[in-house]
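Residue numbers (the numbering used here): 9 to 228.
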């Protein structure tokens, strides 16, 4: 495992979000959204076929890393939570996987990849950092590279501590400890338009449930 970067001290909300995911690492799988559409995500993922050298941003506990390894030659997983990486490493124990512990907003790649993948992460990127994040994705891709992501816009009324217009929510561990986090309720058509304005050619598709996926490339 290699380490890089650090949490941005100017972003207390993001630091609290990292603390939340560190706190729930052992119970993360229990927090997964159990709604229709998961099979559609996996079918779209397999159709996309993330082959070659793959970078997974916010890899978490490795649930999707397992799926990536069905297609990829090698996977580099980046996550800010060492507890998540420890779980992912124990789950996989595969020489084709390399993990980097890093705050994604502070990290910079040392190489470029055929595919950049992230699951249920884009909605945790504040809108004021949206363009910066996608510049990072572009910096991580080879000229012929591709991007694929999955996400949802699900937020419960109890989470909306600042109202529906705010992307700041509050989530709790199973033990009840509260943490603030970011949850941007992207709509596929709006997300596709924003990406187009940044020069990306990504189609964003809604499932029959709350999930959506995006697949495509940066503009040449």
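Just so you know, even glycine gets a beta-carbon here, dropped at the ideal spot from N, CA and C.
Nearest candidate by alpha-carbon position, reference residue i, set the options
i           : options            : result
residue 212 : 198, 205, 206      : 198
residue 34  : 130, 99, 59, 23    : 99
residue 151 : 69, 82, 225        : 225
residue 217 : 158, 124, 69       : 158
residue 107 : 147, 62, 131       : 62
residue 75  : 135, 139, 156, 173 : 156
residue 139 : 69, 71, 165, 201   : 201
residue 93  : 102, 67, 72        : 67
residue 91  : 70, 144, 104       : 70
residue 118 : 105, 127, 149      : 149
residue 120 : 60, 184, 203, 72   : 60
residue 19  : 204, 137, 143      : 137
residue 205 : 143, 147, 101      : 143
Residues of its chain near residue i, where Cβ-Cβ distance is below 7 angstroms and the 5 sequence neighbours each way are ignored
i           : result
residue 163 : 177, 191, 193
residue 89  : 26, 29, 30, 33
residue 209 : 224, 225, 227
residue 12  : In this prediction, residue 12 scores a pLDDT of 41, lower than 50, which makes its location untrustworthy; the coordinate-derived value is nonetheless stated afterwards. Cβ within range, chain order: 108, 110, 115.
residue 207 : 226, 227
residue 83  : 62, 64, 73, 76, 77, 104, 105
Cutoff 6 angstroms; reference residue i; Cβ partners in own chain excluding five residues on either side
i           : result
residue 219 : 45, 49, 160
residue 141 : 133
residue 22  : none
residue 170 : 176
residue 17  : Caution applies to residue 17, whose pLDDT of 39 falls short of 50 and renders its modelled position unreliable; the value that the coordinates give is listed next. Around residue 17: no qualifying Cβ.
residue 52  : 221
Own chain residues within Cβ distance below 8 angstroms of residue i, not counting five before or after
i           : result
residue 214 : 196, 220
residue 24  : 187, 188, 189
residue 97  : 9, 70, 105, 107
residue 135 : 175, 192
residue 131 : 159, 160, 161, 190, 191, 192, 193, 194
Integer-rounded CB distance, given that residue j should sit under 8 angstroms from residue i
i           : j           : result
residue 182 : residue 38  : 7 angstroms
residue 126 : residue 64  : 7 angstroms
residue 123 : residue 78  : Not quite, the Cβ-Cβ distance comes to about 13 angstroms (not below 8 angstroms), so this is no contact.
residue 81  : residue 104 : 7 angstroms
If contact is defined by three or more beta carbon pairs under 8 angstroms, each pair taking one atom from either stretch, is the region 188 to 197 in contact with the region 22 to 29? yes
Ordered list of alpha helix (DSSP H) runs contained in the region 57 to 108, each at least 4 residues: 71 to 76, 90 to 100
Does the pairing of the region 99 to 113 with the region 51 to 58 give three or more beta-carbon distances under 8 angstroms? no
Unbroken stretches of the beta strand (DSSP E), 3 residues or longer, contained in the region 115 to 149: Fully enclosed beta strand (DSSP E) runs of 3 or longer: 121 to 127.
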